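Shown next, in structure tokens, is the structure this report addresses.
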């Protein structure tokens, strides 16, 4: 089994990222590990956030993709948005696929979507045992590797999903007595 993507993005999140890229140029995302804005996905102009040596690359979003498509090749251009997470946050979330979504509300103060009336939201879907086994064969790329010019295998590129619930199903509600 090939390694599954560590990050999936909704069409609404891609649409917002495209608008932000048109306005600000190439982008990057970082799953914040806390502090003043809590734990939230943050969007920055590419290079404005210093990626740490131990930060983990979850994937590189391809803003050209439609639902269900994956990128045949990794690119370093304005349509490629690397998604990072701090090493310590990754340790807590490594068994979980990050589903990058967007919802109405005010974005975090440092994130580019703050004035848009929308905010990025991370959702999570736990990997299956088979997916975890496949991921154990492909260690994540770290910030120090990226800085040295290493790029991930395109076979693990993220995909686009129509709705967050498609990638992160909500369990059925429990009924009284069950």
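Residue numbers (our numbering): 36 to 213.
Cβ coordinates follow ideal geometry from the N, Cα and C atoms, glycine included.
Computed from a prediction, not measured in an experiment: that's the story for all the values here.
When the Cα of residue 178 is compared with those of 171, 68, 186, which residue comes out closest? As a working note, residue 178 is residue 143 in the chain shown. Taking only the C-alpha atoms, the option nearest residue 178 is 186.
Determine, for residue 116, whether the minimum Cβ-Cβ distance to residues of chain D falls below 9 Å. This model lacks chain D altogether, as it is built from one protein chain only.
When the Cα atoms are used, what is the spatial distance from residue 122 to residue 91? Mapped onto the chain shown, residue 122 falls at position 87. Mapped onto the chain shown, residue 91 falls at position 56. Between residue 122 and residue 91, the alpha-carbon positions lie close to 6 Å from each other.
In DSSP terms, what residue 155 is bridged to: In the chain shown, counting from the first residue as 1, residue 155 sits at position 120. Paired residue(s): 137.
Alpha carbon to alpha carbon, what distance is there between residue 144 and residue 72? Walking along the chain shown from the start, residue 72 turns up at place 37. Walking along the chain shown from the start, residue 144 turns up at place 109. The predicted model places residue 72 with a pLDDT of 49, which falls under 50 and marks its position as unreliable, so this point remains unresolved.
Would you kindly work out how many angstroms separate the C-alpha atoms of residue 158 and residue 133, rounded to a whole number? The residue labelled residue 158 in the question sits at position 123 within the chain shown. The residue labelled residue 133 in the question sits at position 98 within the chain shown. Between the C-alpha atoms of residue 158 and residue 133 there is a straight-line separation of about 6 Å.
I'd like to confirm the pairing. Which residues does DSSP put opposite residue 163 in its beta bridges? Taking the chain shown and counting its residues from 1, the one referred to as residue 163 is at position 128. According to DSSP, which records beta bridges pairwise, residue 163 is partnered with nothing at all.
Are there 16 or more other CB atoms within 10 angstroms of the CB of residue 49, so buried, or fewer, so exposed? For the purposes of this step, residue 49 is taken as residue 14 along the chain shown, with counting starting at 1. Label assigned to residue 49: buried.
Provide the residue(s) that pair with residue 119 in DSSP beta bridges, ordered along the chain. The count along the chain shown starts at 1 and reaches residue 119 at position 84. Paired residue(s): 65, 92.
Would you kindly report the start and end of the unbroken beta strand (DSSP E) that includes residue 185? Within the chain shown, numbered from 1, the residue matching residue 185 stands at position 150. Where residue 185 is concerned, there is no enclosing beta strand (DSSP E), given that its DSSP letter is neither H nor E.
Below 8 Å CB to CB, which residues in the same chain sit around residue 41 once its five sequence neighbours on both sides are set aside? Residue mapping note: residue 41 aligns to position 6 of the chain shown, counting from 1. Within the same chain, Cβ atoms closer than 8 Å to the Cβ of residue 41 are found at 93, 94, 132, 133, 170, 175, 191, 193, the five residues on either side in sequence being excluded.
According to DSSP, simplified to helix, strand and coil, what is residue 40? Position 5 of the chain shown, counting from 1, holds the residue named residue 40. Residue state, collapsed to three classes: coil.
Applying the criterion that 16 or more other CB atoms from any shown protein chain within 10 Å of the CB defines a buried residue, is residue 166 buried or exposed? Counting from one through the chain shown, the residue named residue 166 turns up at place 131. Answer is buried; the Cβ neighbour count reaches 16.
Taking the alpha-carbon positions, what's the residue 78 to residue 38 distance? Here residue 78 refers to the residue found at position 43 when the chain shown is read from its first residue. Here residue 38 refers to the residue found at position 3 when the chain shown is read from its first residue. Cα to Cα, the separation comes out at about 26 Å.
Considering only the beta carbon of each residue, do residue 63 and residue 47 sit closer than 9 Å? Residue numbering aside, residue 63 sits at position 28 when the chain shown is read from its first letter. Residue numbering aside, residue 47 sits at position 12 when the chain shown is read from its first letter. The beta carbons of residue 63 and residue 47 sit no closer together than 9 Å.
Would you mind sorting residue 139 into buried or exposed? The rule is 16 or more other CB atoms within 10 Å of its CB. In the chain shown, counting from the first residue as 1, residue 139 sits at position 104. Looking at its Cβ environment, which holds fewer than 16 other Cβ atoms inside 10 Å, residue 139 is exposed.
Give the DSSP-derived three-state secondary structure of residue 76 in the structure shown. Along the chain shown, read from residue 1 onward, the residue named residue 76 stands at position 41. Correct three-state label for residue 76: strand.
What does the alpha-carbon distance come out to for the pair residue 83 and residue 181? Within the chain shown, residue 83 is the residue found at index 48, counting from 1. Within the chain shown, residue 181 is the residue found at index 146, counting from 1. C-alpha separation (whole angstroms): 15 Å.
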